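Counting from 1 along the sequence shown, just add 251 to a position and that's the residue number in this note's numbering.
Idealized CB from N, CA, C, for every residue including glycine.
Values in this document were obtained by computation on a predicted structure and should not be read as measured data.
Following: one structure in structure tokens, then a few remarks.
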Amino acid sequence: MGFVPTKWAGYLAAADQAGDVIAYRRYWELAVLVGLRDGLRSGDGFVPASRRYADPASFLLTPEAWAAQKVDFCHLVGKPVEVAEALVQADDTALVDLEIQLARAGCCRRQTRSSPFPGGPSSYSSQSPYF
């Protein structure tokens with residue numbers, strides 16, 4: 252009964268305690284339908300023949316189809332084919348953007364030392380659990 256919404260649990264318990272089998276069955280059916288509706292809306296449940304409630308993975312390319320199209324797609328969008336190269340490129344782009352933002356602010360500067368802390372972490376009085 253983990254899928255039964257909290258608001259329906261009280262109705263089910265009351266009908267069960269009263270011994271009203273018809274009301275209990277109707278509340279149970281409504282709780283199941285609400286749970287099914289919520290599961291379909293959230294994507295936790297799938298209907299095989301449905302386009303609206305189909306498995307989202309069914310809309311993706313298969314690994315074989317992606318392997319055949321990967322190089323062409325990467326060239327089309329101007330991204331490297333290799334993941335490591337793409338990450339380095341994204342990191343470089345982010346650093347350039349950061350430098351531009353720091354230059355605009357005028358109050359900050361990026362340090363070129365290996366550590367972001369000039370005197371080491373112990374030089375800062377912080378309550379952080381990381382230092």
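Once you ignore the five residues that flank residue i on each side, which residues in its own chain have a CB closer than 7 Å to its CB?
| i | result |
| --- | --- |
| A266 | A274, Y275 and Y278 |
Is DSSP giving residue i helix, strand or coil here?
| i | result |
| --- | --- |
| T344 | helix |
| S293 | helix |
| S309 | helix |
| R288 | helix |
| V339 | helix |
| K330 | coil |
| G270 | coil |
| R303 | coil |
| G261 | helix |
Quick check on residue i: buried or exposed, where buried means 16 or more other Cβ atoms within 10 Å of its Cβ?
| i | result |
| --- | --- |
| A337 | exposed |
| A282 | buried |
| P380 | Caution is warranted here: a pLDDT of 45 is assigned to P380, below 50, making its placement in the model unreliable, and the coordinate value is therefore given only provisionally. With fewer than 16 other Cβ atoms within 10 Å, it is exposed. |
Looking only at its chain, what residues have a beta carbon closer than 6 Å to the beta carbon of residue i, apart from the 5 residues adjacent to it on each side?
| i | result |
| --- | --- |
| V298 | Y304 |
| C325 | V332 |
Given residue i, which residues of its chain have a CB within under 8 Å of its CB, disregarding the five upstream and five downstream residues?
| i | result |
| --- | --- |
| Q320 | L312 |
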